[in-house]
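Numbering (this note's numbering), first residue to last: 10 to 423.
First the structure, in the form of structure tokens, and then the observations on it.
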């Protein structure tokens, strides 16, 4: 059976905000901002907040100015990952050809599933119903012959809808759109095209290829021309894309980051934060049964300059102290000399199943060491909560953060 629109792009609707508020009906009809703290960058917001101009990735200070009565809720990355895994599992029940773009979106090639499940638009509706019933959140789906058009179609279907763009309607769908909506076109390319008088996708499509290439470069010109006519040879590639901290593939990379309430130049404070973040990440790794060799830290300065450094350790591990030591070495190697920081992050990459790692014993090493201590802490945490056992250096920090989180959840953004 020939299938003209075999590519689905499924995108959760305001995923982080939807998950964070799904069990809080009192927040259903009010503006909600997820994460960000007092000075950080917000992770997400619901559609009520978006109506005021608030957007994901916006500094909290600006979001508060735009929507001062919004309610802020904390970001629960473990919950987000859990829901994402369940959603992606639903996708894989439909087809093995699933390319995960982030925690909340993926491309599916369903051409091999139509005989069993029906045409693509029916598969899309089945997925939407299943996700809503199981997770209590909604998603939007675009169906088309190519990745790029399916992505645009899902955007037009939001929120909570399905849009199918058959091949004979591609040009009428694409050409009225702004060039900035083409998949992969960023702000700089959009601005360049606008300066050239190419505002709509149809303008690009009807510009001779050689003229376009002379204006923007041979490679980009060819890509833009193809996309403007709906030509996209890319195929859905099973796998996942890694995104730092939140989003991305929980089976290949895990990380966490923290924005300080004020700029910090005290090494001891930074190291305590690195320990707290490492503890959080390694706990998630042990729950997932994975270990990793590559440790990365991210540092953002007061002027928003951001750098990342990585270090590969001899053996894959999920031991908090081993990953923390690598993170400290990376930080000290920066030689910051009291530079003021607004954010730090820790990430472990290249994760593999923990069962596949054969830990090499070290002469003189105790029979019971940090790995056993970590697992004892995990058991206590599972039974008594995350505050049951903590490194002594984090007690004051956790109490301060808990107070801040309580204020964030119970009061509007000020």
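We put the beta carbon where it would ideally sit given N, CA and C, even for glycine.
None of the values given here were measured: they were computed from a predicted structure.
For the set 347, 16, 366 and 332, the Cα lying nearest the Cα of residue 172 is the one of 16. By the CB criterion at 8 Å, residue 357 and residue 283 fall outside the cutoff. Going by DSSP, residue 269 is part of no alpha helix (DSSP H) but of the beta strand (DSSP E) stretching over 262-273. Counting along the chain, residue 172 sits inside the beta strand (DSSP E) bounded by residues 171-173. Bounds of the beta strand (DSSP E) holding residue 21 are 16-21. Here residue 280 carries a helix assignment [DSSP, helix/strand/coil]. In the three-state reduction of the DSSP assignment, residue 149 falls in the strand class. Look at the beta carbons and you see the region 293-306 touching the region 320-328: at least three pairs across the two are nearer than 8 Å. With at least 16 other beta carbons inside 10 angstroms of its own, residue 90 counts as buried.
Under the 10 Å beta carbon count, residue 108 is surrounded by 16 or more other beta carbons and is classified as buried. No residue range can be given for residue 187, since it is assigned to no beta strand (DSSP E) and is classified by DSSP as neither H nor E. Looking at the backbone, the Cα of residue 31 and that of residue 138 are separated by about 16 Å.
Looking only at 140, 70, 76 and 264, the smallest Cα-Cα distance to residue 360 is reached by 264.
A distance of 8 Å or more separates the beta carbons of residue 290 and residue 350. The beta carbon of residue 222 sits closer than 6 Å to the beta carbons of 230 from its chain, once the five residues preceding and following it are set aside; these are given in chain order. When DSSP states are grouped into helix, strand and coil, residue 117 belongs to the strand group. With respect to the 8 Å criterion, residue 82 and residue 29 are classified as neighbours on the basis of their beta carbons.
Minimum Cα-Cα distance from residue 266 among the listed residues 354, 346, 294 and 26 corresponds to 354. In this structure residue 53 touches residue 24 by the C-beta definition: roughly 7 Å separates them, less than 8 Å.
Each residue's CA atom was taken as its position, placing residue 132 and residue 294 some 33 Å apart. In the DSSP assignment, residue 156 falls within the alpha helix (DSSP H) that extends over 156-166. Residue 157 sits close to residue 241, with the two beta carbons spaced by under 8 Å.
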